[in-house]
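For reference, the structure discussed in these notes is given below.
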Amino acid sequence: MSKTENAVPKSIIVLLSALVAFGPLSIDMYLPSLPLIAQDLQTQVSEVQKTITLFLIGFSAGMLVYGPLSDRFGRKKLLLIGMVIYILATLGCVFSSQIEHLQFYRLLQAIGGASASVLSRALVRDLFSNDEIPKILSLMHIITIMATLAAPVFGAMIAEHFSWNSIFIFLFIYALLCLIWSKIAIHAPPSTHVPAGILSNYKTVLSQRYAWGLMLSNSFSFGGMFAYITASSFVFIQHYGFSPTQYGYLFAFNLFSVLVFTSINTRTLKYISSLKLLKIMACISCISGLYLAAIGSLDLTSPVWLIIGLACFVGVTGSIGANSMANLLRILPQQAGTASGLSVSMQFGMGAIMSYLVSLLFSSYGAASMNAVIGISASLCLISLLLTKGMHES
Numbered sequence: 001m002s003k004t005e006n007a008v009p010k011s012i013i014v015l016l017s018a019l020v021a022f023g024p025l026s027i028d029m030y031l032p033s034l035p036l037i038a039q040d041l042q043t044q045v046s047e048v049q050k051t052i053t054l055f056l057i058g059f060s061a062g063m064l065v066y067g068p069l070s071d072r073f074g075r076k077k078l079l080l081i082g083m084v085i086y087i088l089a090t091l092g093c094v095f096s097s098q099i100e101h102l103q104f105y106r107l108l109q110a111i112g113g114a115s116a117s118v119l120s121r122a123l124v125r126d127l128f129s130n131d132e133i134p135k136i137l138s139l140m141h142i143i144t145i146m147a148t149l150a151a152p153v154f155g156a157m158i159a160e161h162f163s164w165n166s167i168f169i170f171l172f173i174y175a176l177l178c179l180i181w182s183k184i185a186i187h188a189p190p191s192t193h194v195p196a197g198i199l200s201n202y203k204t205v206l207s208q209r210y211a212w213g214l215m216l217s218n219s220f221s222f223g224g225m226f227a228y229i230t231a232s233s234f235v236f237i238q239h240y241g242f243s244p245t246q247y248g249y250l251f252a253f254n255l256f257s258v259l260v261f262t263s264i265n266t267r268t269l270k271y272i273s274s275l276k277l278l279k280i281m282a283c284i285s286c287i288s289g290l291y292l293a294a295i296g297s298l299d300l301t302s303p304v305w306l307i308i309g310l311a312c313f314v315g316v317t318g319s320i321g322a323n324s325m326a327n328l329l330r331i332l333p334q335q336a337g338t339a340s341g342l343s344v345s346m347q348f349g350m351g352a353i354m355s356y357l358v359s360l361l362f363s364s365y366g367a368a369s370m371n372a373v374i375g376i377s378a379s380l381c382l383i384s385l386l387l388t389k390g391m392h393e394s
């Protein structure tokens, strides 16, 4: 199969985008239901919160394994195996009557779901040309960011009208449809190189200074967005007095911002390289982050200036992720699975760290803590790109 967009059905792009949404949907959809789960299972909220921690651990660890294994044994087989694990574990979540059972099945669900998140990105490297990869990844990152932002709202609606178990029923149906579609539609080309061992692939990736710069930049950008997701409801509802409906409109505005910046990113790729565009987007992120940190210390009575800064910061996150991944896969074509797995694992790991950091600071510093963590993340996103100095742009 020729690696061009014309040779690949358009439906494959939709499928890969659906697969990449496994992570944010599984993590964020049931966040509003944590108190309901604690009440129903007669346990502490802290015990229910452990299901989030366990999921992030399993998800990050799973990606570290699936990536290099797929470089050696192929993408489709491991993708299908992981999705079957995810589906069975999701059924376990549906019927869990004790918190220990839910914790176990969430860990297992994460290990299975990691296959969809990492291998969908690696398949882009297999199926599309270098010119098309940034555009396809831009679309996939739109889906990732939109799913991350919209999942809590959608999950709250399901839980309000049905029950918290219904969220996992939705995820079960979603995963089952993706499994059937993947089995039928994905025809990954055979490997054209002699497969190396897992440790050898990791050694190759980790020895690349350019790879470190790209992965860290993406991770810090995503970490800042996780800080926003963690604290924004407290900032806008408790501090500024937003109603839940108004808060939903704020999320919609940020989704629109993501679409605008990603559209600009895709169109601009016709004229400048993906690496140069990554640096431009990282500069916008850094300026937005420092601006947010500055106004956070002023305790402004109006949230308008905060909303504008957040729209710029959140808006470029998808473009940073797409361009960093495109360049990472370009410089490591023979280790695409390993590089993709490590990058996404670092991305969610940094998300967990920044989420924890803003939670730790919030009790002492309130709304300003969100802005400060975003400012730190955005600055480190740009600083990380210093490691790409000297990297060839095409």
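The sequence shown begins at 1 in UniProt numbering and counts up by one. All residues carry an ideal CB built from backbone N, CA and C; glycine is no exception. Since the model is a prediction, treat every value here as computed from it, not as a measurement.
For the 8 Å CB-CB criterion, Ile237 and Phe313 do not form a contact. The Cβ atoms of Ile143 and Thr317 lie no closer than 8 Å to each other. For Thr43, no alpha helix (DSSP H) run applies, since DSSP gives it neither H nor E. C-alpha of Cys381 to C-alpha of Thr230: approximately 19 Å in a straight line. Taking C-beta atoms as the reference points, Arg72 and Asp126 fail to come closer than 8 Å. For the stretch 15-73, the continuous alpha helix (DSSP H) assignments of 4+ residues that do not extend past its boundaries occur at 22-28, 34-40 and 45-73, in sequence order.
Approximately 24 Å separates the beta-carbon atoms of Ser232 and Ser324; this is outside 8 Å, ruling out the contact. Within a 10 Å sphere around the beta-carbon of His161 sit fewer than 16 other beta-carbons, which makes this residue exposed. The beta-carbon separation of Leu255 and Thr268, rounded to 20 Å, does not stay under the 8 Å limit for a contact. Membership of His187 in any alpha helix (DSSP H) is not indicated, and neither H nor E is assigned to it by DSSP. When C-alpha distances from Ser343 are compared across Val65, Leu16, Gln49 and Ser263, the shortest belongs to Val65.
The three-state secondary structure of Gly113, taken from DSSP, is helix. Closest in C-alpha terms to Leu102, from the list Ala252, Gly248 and Lys50, comes Lys50.
For Glu132, there is no enclosing alpha helix (DSSP H), since its DSSP letter is neither H nor E.
Sequence-distant partners of Thr204 (beyond 5 residues in either direction) whose C-beta falls short of 6 Å from its own C-beta, in its chain, are Gln335.
Ranked by Cα distance from Leu56, the first of Asn371, Thr245, Ser207 and Met346 is Met346. Taking the Cα positions, Ser117 is about 18 Å away from Ser11.
In the structure shown, Lys389 falls within a coil segment according to DSSP collapsed to helix, strand and coil.
In this structure, the straight-line span from the alpha carbon of Tyr291 to that of Leu298 is close to 11 Å. Cβ-Cβ distances below 6 Å link Pro303 to Tyr240 in the same chain, with the five nearest sequence neighbours on each side left out; the list follows chain order.
Comparing C-alpha distances from Ile81 to each of Gln109, Ser359 and Ser60 shows the shortest one belongs to Gln109. Ala89 and Lys279 have their alpha carbons spaced roughly 40 Å apart. Approximately 19 Å separates the beta-carbon atoms of Gly351 and Phe154; this is outside 8 Å, ruling out the contact.
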